[in-house]
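Engineer: Numbering (this note's numbering), first residue to last: 815 to 1279. From the three backbone atoms N, C-alpha and C, an ideal C-beta is built for every residue, glycine too.
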Ligand code: MN
Ligand code: MN
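1) Taking only three categories from DSSP, how would you classify residue 984?
2) Near residue 1168, which residues of its chain fall below 8 Å by C-beta distance, leaving aside the five closest residues on each side in sequence?
3) With a cut-off of 8 Å, do at least 3 Cβ pairs link the region 850–858 to the region 1187–1207?
4) Mind reading off the beta-carbon distance from residue 1149 to residue 1241? Whole number of angstroms is fine, and I expect it under 8 Å.
5) Just confirm the distance between the C-beta atoms of residue 1267 and residue 838, as a whole number of angstroms; I'd bet it's less than 8 Å.
6) If you reduce the DSSP assignment to three classes, tell me which class residue 1244 lands in.
7) According to DSSP, what are the bridge partners of residue 964?
8) Which same chain residues, not among the five before or five after residue 896, have their C-beta less than 7 Å away from its C-beta?
9) Please indicate yes or no: does the CB of residue 1106 lie closer than 7 Å to some heavy atom of ligand 1?
10) Is there at least one non-hydrogen atom of ligand 2 closer than 7 Å to the beta-carbon of residue 925?
11) Spatial neighbours of residue 1270 within its chain, please: CB distance less than 6 Å, with the 5 preceding and 5 following residues excluded, ordered by chain position.
12) I'd like to check one pair, residue 1274 with residue 1125: are the Cβ atoms closer than 8 Å?
13) Do residue 1290 and residue 947 have their C-beta atoms within less than 8 Å of each other?
14) Note down the Cα distance separating residue 954 from residue 923, rounded to an integer number of angstroms.
15) According to the neighbour-count rule (16 or more other Cβ atoms, all chains shown, within 10 Å of its Cβ), is residue 1097 buried or exposed?
16) Is the closest heavy atom of ligand 1 to the C-beta of residue 1101 under 7 Å?
17) Using the C-alpha atoms, what's the distance from residue 827 back to residue 973?
18) Taking buried to mean at least 16 other C-beta atoms within 10 Å of its own C-beta, is residue 1036 buried or exposed?
19) Report yes if the C-beta distance between residue 961 and residue 887 is below 8 Å; otherwise report no.
20) Round the Cβ separation of residue 1057 and residue 978 to the nearest angstrom and send it over; I've been treating them as touching at under 8 Å.
21) Report the residue from 1278, 867, 815, 1259 whose alpha carbon sits nearest the alpha carbon of residue 1066.
22) Measure the beta-carbon distance from residue 1041 to residue 1031 and round it to whole angstroms, keeping in mind my assumption that it falls under 8 Å.
23) In this structure, does DSSP put residue 1004 in helix, strand or coil?
24) Please list the terminal residues of the continuous beta strand (DSSP E) segment that includes residue 924.
25) Any heavy atom of ligand 2 inside 7 Å of the beta-carbon of residue 1243?
26) Would residue 1247 and residue 1174 be called neighbours here (beta carbons separated by less than 8 Å)?
27) Would residue 942 pass as a contact of residue 1006 if the rule is Cβ separation under 8 Å?
28) Let me check understanding here. Comparing Cα to Cα, which of 1079, 1112, 842, 1250 lies closest to residue 1161?
29) As a quick exercise: from 891, 870, 970, pick the residue whose alpha carbon is nearest that of residue 1046.
30) Out of 936, 1222, 1228, which one is the CA nearest neighbour of residue 1110?
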C-alpha cells in the first residue's frame, strides 16, 4: 500500500474532531465575542440575566406572552418568578413537536445567610452559604460584588448591586497570611464553609466603648442607602459574585476569561440563535432555568417545566384538540440540553480518558450521556436521536466533538436533560467545553463560543424529527 493510499483510507475511515477555527471569519467571531462579553459583564446573577434577556427580546419585537395574540404567529416570552425565562416562536399552525433549547442561568457563587451581619475584633463581617459546587479556596482574596434583592416587610423589593461598577467598593473574603500557615502538624489548613466570611466594614458608629458599634455603623449605612433594617435581610437573595470583568485572553486573543460562563454561554448563544434565525423549521422554545447548580429543585428549576403551560394555552385558544396535540407534541419534541463540558487542562490530563475528552477549540461537545459511576442519573440519548443531531451538525459545517466528563469512576455530573427525558421528549446534551469550570474565572475558546451559536441556529432553522 502506498503512503498516499494509506492516508486516503485514514481520511475515509477515521474520525478526528477538527479544529474549530478552520474556516471562521475572525472579524465576525470577535464582534460576536465582544457582545457576549458585555452580556456577561452585566449578567452576573440569574435575575439580571433575565432582565438583560428581556431587553434584547423587546428590542427584537417580542412581547410578554400574556399580551400575545395566540391566533396568529406568536413571538413572545414568559418570565417566571423573575429568575427564569422562556422565549417562544410559534407559527400559526402547530402540526407536530417543538424544537427546544434549554440552558441554565444560575452559576456557582456565594450567598449571604438570612442573618448575616456580625462584628468580631473590630471588623464587620457577613456570614455566607455557598451555592453550587465550588472549590472554596478560589473565593478568597478576590474582589466580590454583592447583587440581589431585599424584600421589605411592606412587600417592597429593593435592588442591591454593589461592586460591579468600577467606582463601587468591593467585598473580600480574606485568607490567612502564609507566615502563619506553618503549623508543622498540618500541611494546609482545611477550608470549611464557615470560613467564607465576608468583610463588609471596619468603622465604628461611636468612639465610646460600646459593643457592636462597627456592625451598627454598617446597618446605618444600609438603612441610609436602601431604607432597610437587619430583619429585612431574612427575606433577601444577596449573591456574591466576582467583581471582575470578562477579558480576552492569550497573546492571540483566542479565548475569553469570565465568571458565570457555565451556563450563560449557552443561554446567550441560544438567545442570539433564536433572534437571528431567518426562519424556523418547527415551533421553537429557548428556555433558561434557575437552580441547575443545586440539582434543579425549587420552582424555578427544571423539575418544574413551567414553559409548557403557555403552549397549552396557545393550543386551547386556537381550539385545537390539545390533549391529543400535547401528547403528539411531547412525543415529537426535540430538546438540546445546552450546558458546558470540561475541556482538557494539560496540567491535569490524568482525570480524562483522551479518546473521549473534549479539547479546547475543537467545537461544540455532543454528550450522549452525563451521570457518574455506571451512567447513574444519565439521560443517555438514544442512538437514533444522536444520529440526527450529528447529521445536522455535519450538514451545517458545525465543528463538534463527542465528549465525556472525565474518566469512568472518577467524576461526572448532571444537567437538566433528564427532566425533559422524563416528560418523554428526545433530548441530548450539547455545549462548549470550558477550562476551570465553576471557578471565578472560567475560560472558553472564541471558536467554540461561535460554533455553539452556529449549532443552535442550525437546530432552530433546519432541524426536523
Ligand atoms: Mn452547567
Ligand atoms: Mn455547573
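Structural biologist: Walking through what the data contain:
1) DSSP places residue 984 in coil when its eight states are reduced to three.
2) Once the five neighbours on either side are set aside, the close Cβ partners of residue 1168 are 1158.
3) No contact exists between the region 850–858 and the region 1187–1207.
4) Going by Cβ atoms, the distance from residue 1149 to residue 1241 rounds to 4 Å, so yes, they are a contact pair.
5) So it is not a contact: roughly 11 Å between Cβ atoms.
6) Shown here, residue 1244 sits in a strand according to DSSP, grouped into three states.
7) Bridge partners of residue 964: 972, 1050.
8) Only residues of its own chain outside the window of five on either side were considered, and among them 861, 864 have a CB closer than 7 Å to the CB of residue 896, listed in chain order.
9) Result yes, Cβ under 7 Å from ligand 1.
10) No, Cβ of residue 925 sits at least 7 Å from all heavy atoms of ligand 2.
11) Cβ neighbours of residue 1270 beyond the five flanking positions: 915, 1083, 1084, 1087.
12) No, the Cβ-Cβ distance between residue 1125 and residue 1274 is not below 8 Å.
13) Residue 1290 is absent from the structure shown; the chain starts at 815 and stops at 1279.
14) Distance between the alpha carbons of residue 954 and residue 923 is about 12 Å.
15) Buried.
16) Residue 1101: no, Cβ never under 7 Å from ligand 1.
17) Their backbone Cα atoms lie some 58 Å apart in a straight line.
18) Buried, by the Cβ-count rule.
19) Going by C-beta atoms, residue 961 is not nearer than 8 Å to residue 887.
20) Right, their Cβ atoms sit about 6 Å apart.
21) Taking the Cα of residue 1066 as reference, the smallest distance to any Cα among 1278, 867, 815, 1259 is reached at 1259.
22) Between residue 1031 and residue 1041 the Cβ distance is about 17 Å, and since that is not below 8 Å, they are no contact.
23) Judged by DSSP in its simplified three-state form, residue 1004 adopts coil rather than helix or strand.
24) Start and end: 923–934.
25) Relative to ligand 2, even the nearest heavy atom lies 7 Å or more away from the CB of residue 1243.
26) Against a cut-off of 8 Å, the Cβ pair of residue 1174 and residue 1247 comes out as a contact.
27) Cβ distance not < 8 Å, so residue 942 and residue 1006 don't count as in contact.
28) With distances taken between Cα atoms, residue 1161 lies closest to 1250.
29) Selected option, being the one with the closest Cα: 970.
30) Ranked by how close their Cα comes to the Cα of residue 1110, the residues 936, 1222, 1228 have 1228 in first place.
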